[in-house]
Amino acid sequence: MLSKRLASTTAIGLLLVAGATACGDNDKPAAADKAAAGKAAAAPGLDTEKLTAEEIQKQAKDALAGATSVKVVGTVNKDADQIAVDLAVDTKGLCKGTLSLPGTGKFELLGDGKQVYLKPDTAFLTSVTEGKNPQAVELLKGRWIGGAQDDPEMKELTTACNLKELTKTFGAGDDSKATNITKGSAGTVNGAKTFSVKSKNSSGGEVTLHVATEGKPYPLRIEKSGKDGGQMDFTDIDKALTVQAPPADQVIDYSLFKDKVQAA
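Below, the structure written as structure tokens:
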């Protein structure tokens, strides 16, 4: 069913985002967590010589959790597919961007703080309906779908469009059991000075987090190796988003959307 494919594409596309702890959570006492958070708030930059790999990782997680907005750009591999993500999201439920799957098409995602909308392109609609429902493709072509967040299968869309909700997933799942957290090296990401932290995730792949060393220690890039690996860059951090809901005559209700594609 099309809704399941859209939901799974969103979830897969945000897989690296959910790993933005890079190396996962550590089982530290609460007092240690508060102390690390305090350092992140007070420090003008990372003292990579004095901080441990775990402390650098924790500061990056706390810094991103305190951001008001971020744009995530990159790709993630899932089996034989490579999903491309270009999505800006903030803490007020605003978001806009695209997720695409080569050979399948793409869909736009937009959130105005009240509702989440998505607009699959013709290629995506045709592919996921296997060409069996041209009437549905024609009806939905060029139109936004509203109300999707009310469907349990599409919960990921709501999460994807709210940075506060998204950061709650950081460190969740098997990747929170990362091991062998070590320091990497100095470098640059999109012109910003960084320092990397490396670890092994639950599947045996290597996770590398590149953290800004000047200003707030934001994570600026996450790389994962292995068959489900990929790379995500974090840009436009704390940059205000402006989103306008699509015109009503260009929106189709999600319940009607489901009825039209049910037979596909």
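Counted the way mature numbering (1 follows the signal peptide of the UniProt record, and there is no 0) counts, the sequence shown spans residues -22 to -1, 1 to 242.
By construction, the Cβ of each residue, glycine as well, lies at the ideal position given by its N, Cα and C atoms.
Is residue i helix, strand or coil by DSSP?
i           : result
Asp214      : coil
Asp206      : coil
Arg121      : coil
Val221      : coil
residue 244 : Only positions -22 to 242 of the chain appear in this structure, which leaves residue 244 out of reach.
Asp25       : coil
Pro195      : coil
What first and last residue would you give for the beta strand (DSSP E) that runs through residue i?
i      : result
Thr76  : 72 to 79
Leu96  : 94 to 98
Ala60  : First, the residue type needs correcting, since residue 60 is Gln and not Ala in the sequence shown. Here the beta strand (DSSP E) through Gln60 covers 59 to 68.
Ala38  : Unbroken run through Ala38 is the alpha helix (DSSP H), 31 to 43; no beta strand (DSSP E).
Asn55  : 47 to 56
Leu88  : 83 to 90
Thr107 : Segment: none, Thr107 is in no beta strand (DSSP E) and carries neither H nor E.
Ala126 : Neither: Ala126 is in no beta strand (DSSP E) and is coded neither H nor E.
Asp227 : Careful: Asp227 lies outside any beta strand (DSSP E) and carries neither H nor E.
Taking the alpha-carbon of residue i as reference, which of the options has the nearest alpha-carbon?
i      : options                        : result
Ala47  : Leu24, Thr30, Ser233, Val221   : Position check: residue 47 holds Ser in this sequence, whereas Ala was assumed. Looking at the Cα atoms, Val221 is the closest of the given residues.
Leu103 : Thr82, Met132, Thr69           : Thr82
Ala218 : Ala45, Ala190, Thr186, Ile159  : Ala45
Asp227 : Glu192, Lys202, Ile123, Ile200 : Ile123
Spatial neighbours of residue i within its chain, please: CB distance less than 6 Å, with the 5 preceding and 5 following residues excluded, ordered by chain position.
i      : result
Thr53  : Gln60, Ala62, Gly208
Ile159 : Cys1, Ala31, Glu32, Ser177
Thr76  : Asp64, Lys84, Glu86
Identify, in the order they occur along the chain, each residue of the same chain with its Cβ nearer than 7 Å to the Cβ of residue i, setting aside the five sequence neighbours on each side.
i      : result
Lys194 : Ala41
Asn55  : Lys205, Asp206, Gly207, Gly208
Give the range of the alpha helix (DSSP H) segment to which residue i is assigned.
i      : result
Leu135 : 133 to 138
Leaving out the 5 sequence neighbours to the left and right, which residues in its chain are closer than 8 Å to residue i when beta-carbon positions are compared?
i      : result
Gly125 : Gln93, Asp231, Tyr232, Ser233
Pro225 : none
- Task: Would you be able to state if there are at least three C-beta pairs under 8 Å between the stretch 160 to 176 and the stretch 131 to 145?
- Result: Contact check between the stretch 131 to 145 and the stretch 160 to 176: fewer than three CB pairs, one atom from each, fall below 8 Å, which does not count as touching.
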